[in-house]
Amino acid sequence: MHELSIAISLVAIAEEEAERLGGKVIAVHLRLGPMAGVVKDALLFSYAAACQDTALEGSRLVIEDAPLVVFCPRCKTDRVLSSPQPLRCFECGTPTPKVVGGRELQMVAMEVEDAA
Amino acid sequence: MLREPRLVEVRRNVLKQNDVLARVLRERFREAGVFVVSLVSSPGSGKTMLLERTLTLLRERYRVAALVGDLATENDAARLARSEVPVRQITTGTTCHLEATMVERALEGWNLTDLDILFIENVGNLVCPASYDLGESLRLVMLSVTEGEDKPLKYPTIFNSADVAVVTKMDLAAATEFSWHTAEESVQAVRPGMQMIGVSAKTGEGMHDYIAFLETQIAEARVGAA
Numbered sequence: 044m045h046e047l048s049i050a051i052s053l054v055a056i057a058e059e060e061a062e063r064l065g066g067k068v069i070a071v072h073l074r075l076g077p078m079a080g081v082v083k084d085a086l087l088f089s090y091a092a093a094c095q096d097t098a099l100e101g102s103r104l105v106i107e108d109a110p111l112v113v114f115c116p117r118c119k120t121d122r123v124l125s126s127p128q129p130l131r132c133f134e135c136g137t138p139t140p141k142v143v144g145g146r147e148l149q150m151v152a153m154e155v156e157d158a159a
Numbered sequence: 459m460l461r462e463p464r465l466v467e468v469r470r471n472v473l474k475q476n477d478v479l480a481r482v483l484r485e486r487f488r489e490a491g492v493f494v495v496s497l498v499s500s501p502g503s504g505k506t507m508l509l510e511r512t513l514t515l516l517r518e519r520y521r522v523a524a525l526v527g528d529l530a531t532e533n534d535a536a537r538l539a540r541s542e543v544p545v546r547q548i549t550t551g552t553t554c555h556l557e558a559t560m561v562e563r564a565l566e567g568w569n570l571t572d573l574d575i576l577f578i579e580n581v582g583n584l585v586c587p588a589s590y591d592l593g594e595s596l597r598l599v600m601l602s603v604t605e606g607e608d609k610p611l612k613y614p615t616i617f618n619s620a621d622v623a624v625v626t627k628m629d630l631a632a633a634t635e636f637s638w639h640t641a642e643e644s645v646q647a648v649r650p651g652m653q654m655i656g657v658s659a660k661t662g663e664g665m666h667d668y669i670a671f672l673e674t675q676i677a678e679a680r681v682g683a684a
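Protein chains in written order, with my numbering: chain A, 44 to 159; chain B, 459 to 684.
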């Protein structure tokens, strides 16, 4: 369960950005790939705890799923897989060791409310 | 009155701090000419036993050392000290994985140029260590025959992040009806092309091939660095 330490890092980054942007943070948007090694529900749960007593308290965490994209060396094209097992092209069955996308653990946006 | 919230694009990698430090460590290791092998596995798959044998087998020809991560005890470091090479414990407390900063701290006071190979034993865990780059040259994932052949399918992320899979406790393969073929299929499903080596640190079975594999990797790294 390393999601709490990830949530703490995320909150620290969001606080930095919030200071730069000004205003109150309503939501943090995160892009998460299936190969990032992070469990979505555990991260959502940890986020609320990590926000306590910070400028982010009360904000929402919005997680957007990044697709698992592999490169098929035979079809010479990227393929979006629904599961990492097996890592294989669904068209031709060739193993696809090259993972192009799916390891994302990236903050992509913040929703900020400005006081009038 | 509050205005409509504005959506601001902010692109930041959450683990950037760790990734940056891991790159710094990798560069330090490369400059010092030290080959770094990290070991990941579930608890009880035999990391410490394999490492103890590995250190003993390699210490004649290489200057070796080890860092061992453990949640609470220093038992592993005490066991590894028997191999008579420098060993340091990283007690992680409640943290379920090693991070680059812990490795950096544990290395304080060691002159890396005095080493040829550094082993880093991660905390026994097949989930959390996957996300953290430690600056290693080679990540070795272990799977013991008592765990079942489908472990790689259950933990695809960590198996995918590894460079080689070592199957341990091969002396128990017959007793557990372990199928090498099924295990290999599982490994290939989540990490196509990854080599799998079977060993028993207890009987010595497969240890020759495993050590030869490590030596080849070290030699290739040296050629690459030259």
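Note that the Cβ used here is the ideal one computed from N, Cα and C, for glycine as well.
Here the structure is a predicted model, which means the values were calculated and not measured.
Where do the N-terminal and C-terminal ends of the alpha helix (DSSP H) with residue i fall, by residue?
{"i": "Leu509 (chain B)", "result": "505 to 516"}
{"i": "Ala632 (chain B)", "result": "Taken as a continuous stretch (DSSP letters only), Ala632 (chain B) belongs to no alpha helix (DSSP H), as it is neither H nor E."}
{"i": "Asn618 (chain B)", "result": "614 to 619"}
{"i": "Thr111 (chain A)", "result": "First, the residue type needs correcting, since residue 111 (chain A) is Leu and not Thr in the sequence shown. Segment 111 to 115 is the beta strand (DSSP E) holding Leu111 (chain A); no alpha helix (DSSP H) there."}
{"i": "Thr640 (chain B)", "result": "638 to 648"}
{"i": "Met560 (chain B)", "result": "558 to 564"}
{"i": "Val82 (chain A)", "result": "Counting along the chain, Val82 (chain A) falls outside any alpha helix (DSSP H), and DSSP gives it neither H nor E."}
{"i": "Ser48 (chain A)", "result": "46 to 64"}
{"i": "Ala588 (chain B)", "result": "No alpha helix (DSSP H) contains Ala588 (chain B), which DSSP labels as neither H nor E."}
{"i": "Asn569 (chain B)", "result": "Careful: Asn569 (chain B) lies outside any alpha helix (DSSP H) and carries neither H nor E."}
{"i": "Asp534 (chain B)", "result": "533 to 539"}
Applying the criterion that 16 or more other CB atoms from any shown protein chain within 10 Å of the CB defines a buried residue, is residue i buried or exposed?
{"i": "Ala167 (chain A)", "result": "The structure shown does not extend to residue 167 (chain A), since chain A is modelled only from 44 through 159, so no value can be given for it."}
{"i": "Asp528 (chain B)", "result": "buried"}
{"i": "Thr626 (chain B)", "result": "buried"}
{"i": "Lys505 (chain B)", "result": "buried"}
{"i": "His666 (chain B)", "result": "exposed"}
{"i": "Lys609 (chain B)", "result": "buried"}
{"i": "Glu46 (chain A)", "result": "buried"}
{"i": "Gln149 (chain A)", "result": "buried"}
{"i": "Asn569 (chain B)", "result": "exposed"}
{"i": "Thr674 (chain B)", "result": "exposed"}
{"i": "Cys115 (chain A)", "result": "buried"}
{"i": "Asn533 (chain B)", "result": "exposed"}
{"i": "Ser503 (chain B)", "result": "buried"}
{"i": "Cys135 (chain A)", "result": "exposed"}
{"i": "Ala631 (chain B)", "result": "buried"}
{"i": "Gln547 (chain B)", "result": "buried"}
{"i": "Gly593 (chain B)", "result": "buried"}
What does the alpha-carbon distance come out to for the pair residue i and residue j?
{"i": "Gln653 (chain B)", "j": "Val622 (chain B)", "result": "5 Å"}
{"i": "Pro501 (chain B)", "j": "Val466 (chain B)", "result": "43 Å"}
{"i": "Ser541 (chain B)", "j": "Asp572 (chain B)", "result": "18 Å"}
{"i": "Ser89 (chain A)", "j": "Lys83 (chain A)", "result": "10 Å"}
{"i": "Leu672 (chain B)", "j": "Ala683 (chain B)", "result": "16 Å"}
{"i": "Glu154 (chain A)", "j": "Val71 (chain A)", "result": "6 Å"}
{"i": "Glu686 (chain B)", "j": "Glu62 (chain A)", "result": "Since the first residue shown for chain B is 459 and the last is 684, residue 686 (chain B) is missing from the structure and cannot be characterised."}
{"i": "Leu611 (chain B)", "j": "Ala93 (chain A)", "result": "31 Å"}
{"i": "Arg469 (chain B)", "j": "Thr97 (chain A)", "result": "21 Å"}
{"i": "Ile69 (chain A)", "j": "Val54 (chain A)", "result": "13 Å"}
{"i": "Pro77 (chain A)", "j": "Pro138 (chain A)", "result": "18 Å"}
{"i": "Ala490 (chain B)", "j": "Ala158 (chain A)", "result": "54 Å"}
{"i": "Val624 (chain B)", "j": "Gly567 (chain B)", "result": "32 Å"}
{"i": "Arg597 (chain B)", "j": "Glu678 (chain B)", "result": "15 Å"}
{"i": "Ala558 (chain B)", "j": "Leu483 (chain B)", "result": "8 Å"}
{"i": "Val123 (chain A)", "j": "His555 (chain B)", "result": "30 Å"}
{"i": "Glu605 (chain B)", "j": "Thr634 (chain B)", "result": "9 Å"}
List the residues that DSSP assigns as beta-bridge partners of residue i.
{"i": "Ala70 (chain A)", "result": "A:Arg103, A:Glu154"}
{"i": "Phe577 (chain B)", "result": "B:Val495, B:Ala524"}
{"i": "Ile548 (chain B)", "result": "B:Gly527"}
{"i": "Arg470 (chain B)", "result": "A:Met150"}
{"i": "Pro138 (chain A)", "result": "A:Arg131"}
{"i": "Thr120 (chain A)", "result": "A:Cys115"}
{"i": "Thr626 (chain B)", "result": "B:Ser602"}
{"i": "Asp477 (chain B)", "result": "DSSP, once it has assigned bridges, lists no residue as partnering Asp477 (chain B)."}
{"i": "Asp108 (chain A)", "result": "A:Leu75"}
{"i": "Leu465 (chain B)", "result": "A:Glu154"}
Spell out whether any CB of chain C is found under 8 Å from the CB atom of residue i.
{"i": "Arg469 (chain B)", "result": "The chain labelled as chain C is not found among the protein chains of the depicted structure, namely A and B."}
Got a sec, what are the start and stop residues for the beta strand (DSSP E) residue i sits in?
{"i": "Gly144 (chain A)", "result": "142 to 144"}
{"i": "Ser602 (chain B)", "result": "596 to 602"}
{"i": "Val681 (chain B)", "result": "Segment 665 to 683 is the alpha helix (DSSP H) holding Val681 (chain B); no beta strand (DSSP E) there."}
{"i": "Thr553 (chain B)", "result": "No beta strand (DSSP E) holds Thr553 (chain B); DSSP gives it neither H nor E."}
{"i": "Gly656 (chain B)", "result": "653 to 656"}
Next on the checklist: Beta carbons nearer than 8 Å to chain A: which residues of the segment 621 to 634 of chain B have them?
Outcome noted: none
Checklist entry - When Cβ atoms are compared, which residues of the segment 120 to 150 of chain A fall closer than 8 Å to chain B? => result Pro127, Gln128, Pro129, Leu130, Arg131, Pro138, Thr139, Pro140, Val142, Leu148, Gln149, Met150
Next on the checklist: If the cut-off is 7 Å on Cβ atoms, which residues from the segment 49 to 81 of chain A count as contacting chain B, listed in chain order?
Outcome noted: Ile49, Ser52, Leu53, Ile56, Glu60, Leu64, Ile69, Met78, Ala79, Gly80, Val81
Item to check | Proximal residues, the segment 101 to 118 of chain A versus chain B, C-beta separation under 8 Å | outcome: none
Item to check | chain A contacts made by the segment 577 to 598 of chain B, where a contact means CB separation under 7 Å | outcome: Val585, Cys586, Ala588, Ser589
Next on the checklist: Beta carbons nearer than 7 Å to chain A: which residues of the segment 558 to 571 of chain B have them?
Outcome noted: none
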